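Just so you know, we're using the UniProt record's numbering here: the sequence shown kicks off at 1 and counts up by one.
Idealized CB from N, CA, C, for every residue including glycine.
Fair warning: this is a prediction, and the values are worked out from it, not measured in the lab.
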Amino acid sequence: MSEVAEEADSPPTHMFEDSSSSGGDRWTPDLRGGNGGGPRSAPPDQVLENVLESVLEFLTAARDRNVASLVCRSWYRAEAQTRRELFIGNCYAVSPERAVERFGGVRSVVPPPSDHPQ
Numbered sequence: 001m002s003e004v005a006e007e008a009d010s011p012p013t014h015m016f017e018d019s020s021s022s023g024g025d026r027w028t029p030d031l032r033g034g035n036g037g038g039p040r041s042a043p044p045d046q047v048l049e050n051v052l053e054s055v056l057e058f059l060t061a062a063r064d065r066n067v068a069s070l071v072c073r074s075w076y077r078a079e080a081q082t083r084r085e086l087f088i089g090n091c092y093a094v095s096p097e098r099a100v101e102r103f104g105g106v107r108s109v110v111p112p113p114s115d116h117p118q
């Protein structure tokens, strides 16, 4: 592997923990993948998914959550895992099996408003 390719794969040197730097007690994350003998950290993609799920918890409007699920596959999966309420506008167009498969964490289903007076 060439030196240039190795440098591109490495994080900037200012991101390492270094007590001899001018920052003194300032801590910066070590992104080299070493765990310094401590407990093993989660893989970066798992960390990203956890952060994404936490962010999606703050999106309460169904329209916002729908738009977020269109960003990429990981956002699509994370949005489905964190959704707690599901609105079904046309119950004949949605397969219950498909809805349960995608939205396993749903706690309530909101039916469409009835057109018939009561």
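Contact annotation: the region 64-73 does not touch the region 89-105, with fewer than three C-beta pairs closer than 8 angstroms.
Remark: C-beta atoms of residue 67 and residue 86 do not approach each other more closely than 8 angstroms. The alpha-carbon of residue 46 is positioned some 34 angstroms away from that of residue 111.
Annotated as distal: residue 55 and residue 88, with beta-carbon spacing of 8 angstroms or more. Approximately 13 angstroms separates the beta-carbon atoms of residue 65 and residue 77; this is outside 8 angstroms, ruling out the contact.
Between the alpha carbons of residue 100 and residue 62 lies a gap of roughly 17 angstroms.
Looking at the DSSP output, residue 103 sits in no beta bridge, so it has no partner there. Residue 79 and residue 48 have their C-alpha atoms spaced approximately 13 angstroms apart. A Cβ-Cβ separation of about 7 angstroms places residue 53 in contact with residue 81 under the 8 angstroms criterion. Bridge partners of residue 87 according to DSSP: 110.
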